[in-house]
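Participant:
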Amino acid sequence: MSYQSFDVTPISGALGAEVHGIDLSIPLSKQTFEEVHEALLDNLVIFFRDQDLTPEQQLSFARRFGGIHLHPYMKGLDDHPEVLAIIKEKDDTRTFGASWHVDQMFTEKPAMGAMLYAKELPPAGGDTLYANMYLAYDALSEGMKDMLTNVKTFAVGDRFKRLGGQSRKDVYKGVSVMANHVKDPGDVKTENEHPLVRTHPETGRKALFIGGHVQRFAGMTDEESAPLLNYLKAHTVRPEFTCRFGWKPGSLAFWDNRCTQHFAVGDYNGSRREMHRVTIQGDRPV
Ligand code: OGA
Ligand code: MN
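Position 95 of the sequence shown, counted from 1, bears residue number 95 in the numbering used here, the numbering being contiguous throughout.
(1) If we count the other Cβ atoms within 10 Å of its Cβ and call it buried at 16 or more, is V226 buried or exposed?
(2) Could you tell me if the beta carbon of H69 falls within a distance shorter than 8 Å of some heavy atom in the ligand ADP?
(3) Pull up the CB-CB distance for Q31 and G250, whole angstroms please, since I reckon it's below 8 Å.
(4) Mind checking which residues open and close the alpha helix (DSSP H) that includes V43?
(5) What separation, rounded to the nearest whole angstrom, lies between the Cα atoms of D256 and L44?
(6) Could you check how far apart the C-beta atoms of I46 and L53 are, in whole angstroms? I think they sit under 8 Å.
(7) Since F96 contacts K88 with CB under 8 Å, what's their CB separation in whole angstroms?
(8) Would you say A114 touches the ligand MN, meaning its beta carbon is less than 8 Å from a heavy atom?
(9) Quick check on the DSSP output: the beta strand (DSSP E) that includes D7 runs from which residue to which?
(10) Please report the straight-line C-alpha distance between D42 and K189, rounded to a whole angstrom.
(11) What are the boundary residues of the alpha helix (DSSP H) that V171 is part of?
(12) Below 6 Å CB to CB, which residues in the same chain sit around V83 once its five sequence neighbours on both sides are set aside?
(13) Along the chain, where does the beta strand (DSSP E) containing K119 start, and where does it finish?
(14) What residues sit near the ligand MN, counting only those whose C-beta is closer than 6 Å to one of its heavy atoms, in chain order?
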């Protein structure tokens, strides 16, 4: 695929590409916007380098793709509530996002995508991994695809079994700023069922829709769910379905949350990392 407005260089054989030649601080022309959208659908996650963005400029770029999704549990910046600061301080021992997940999969309409912008990075480490959920689906046998057709997952937004049922506030004690930003979700429904195999609303391709928030299959017990669920969680992130992005200050990643999972690598204790995330509203998965 070639684009008129910029160059696109894939970073792995599975997904992910760097887009060169765009300044995201200025409003994109209609054609450039359409090509960015196309590059996202083609590559699942796209990366921009050397950007210099205010929260307002990052929001303007994001709004071209849809309304802004507010995290039910996490407060945004005081002056820009739609921008979430993801910060790990030097003395923190935990990393936000350090498990394979789909953003806010526990909501009724999980995000269409998210834009993460790097403000401050450790001298080394702090990469983010992404995995291609179309490839993960395609690689299953026909027998398994048939069996999974009508399966639904049950996802929760807090007190994950994997973490012994602790609350977010307790889990985040090791990421001080994030712990301070946890809020009560109020009336937002934070436990939801979704199809395990979803059809991407724009590409029409089937993808496995699974991530760390999934506790079990809907209508089944933990014990019944565990063997196949654990198999699928491991299968979806086989190395050949993934890419790894090394950040620099000013890098911006834009991922399609409907056909990917991601993982924040927590290998930089002793250094500070600060990112700004803006999340775009999604549809109800079908
Ligand atoms: C997120 C997330 C990854 C990272 O912002 O949703 O998972 O590398 N972050 O910080
Ligand atoms: Mn995330």
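Backbone N, C-alpha and C fix where the C-beta goes; we use that ideal spot for every residue, glycine too.
Facilitator: This is what the structure holds:
(1) Here residue 226 is taken as the residue at index 226 of the sequence shown, counted from 1. Before going on, a small fix: residue 226 reads as Ala here, not Val. So A226 counts as exposed.
(2) Looking for the ligand ADP in the displayed structure turns up nothing; the ligands present are the ligand OGA and the ligand MN.
(3) Taking the first residue of the sequence shown as 1, we reach residue 31 at position 31. Taking the first residue of the sequence shown as 1, we reach residue 250 at position 250. Their Cβ separation, rounded to whole angstroms, is 24 Å, which puts Q31 and G250 out of contact at 8 Å.
(4) Looking up residue 43 in the sequence shown gives position 43. Note that residue 43 is Asn in the sequence shown, not Val. Element bounds for N43: K30 to N43.
(5) As a first step, residue 256 is located in the sequence shown; it is residue number 256 there, counting from the start. As a first step, residue 44 is located in the sequence shown; it is residue number 44 there, counting from the start. Near 5 Å, if we compare the C-alpha coordinates of L44 and D256.
(6) By 1-based counting over the sequence shown, the position of residue 46 is 46. By 1-based counting over the sequence shown, the position of residue 53 is 53. That belief does not hold up - the Cβ atoms of I46 and L53 are roughly 15 Å apart, past 8 Å.
(7) The count along the sequence shown starts at 1 and reaches residue 96 at position 96. The count along the sequence shown starts at 1 and reaches residue 88 at position 88. At roughly 7 Å, the Cβ-Cβ gap stays under 8 Å, so F96 and K88 are in contact.
(8) Your numbering for residue 114 matches position 114 in the sequence shown. The answer is yes for A114.
(9) Indexing the sequence shown from 1 puts residue 7 at position 7. Start and end: D7 to P10.
(10) Taking the first residue of the sequence shown as 1, we reach residue 42 at position 42. Taking the first residue of the sequence shown as 1, we reach residue 189 at position 189. Using only the alpha carbons, I get a separation of about 32 Å.
(11) By one-based count along the sequence shown, residue 171 stands at place 171. Residues R168 to V171.
(12) As a position in the sequence shown, residue 83 is number 83, starting the count at 1. Only P55, G76, L77, H276 and V278 meet the Cβ criterion.
(13) Here residue 119 corresponds to residue number 119 of the sequence shown, with the count starting at 1. Note, K119: beta strand (DSSP E), G113 to E120.
(14) G97, H101, D103 and H262
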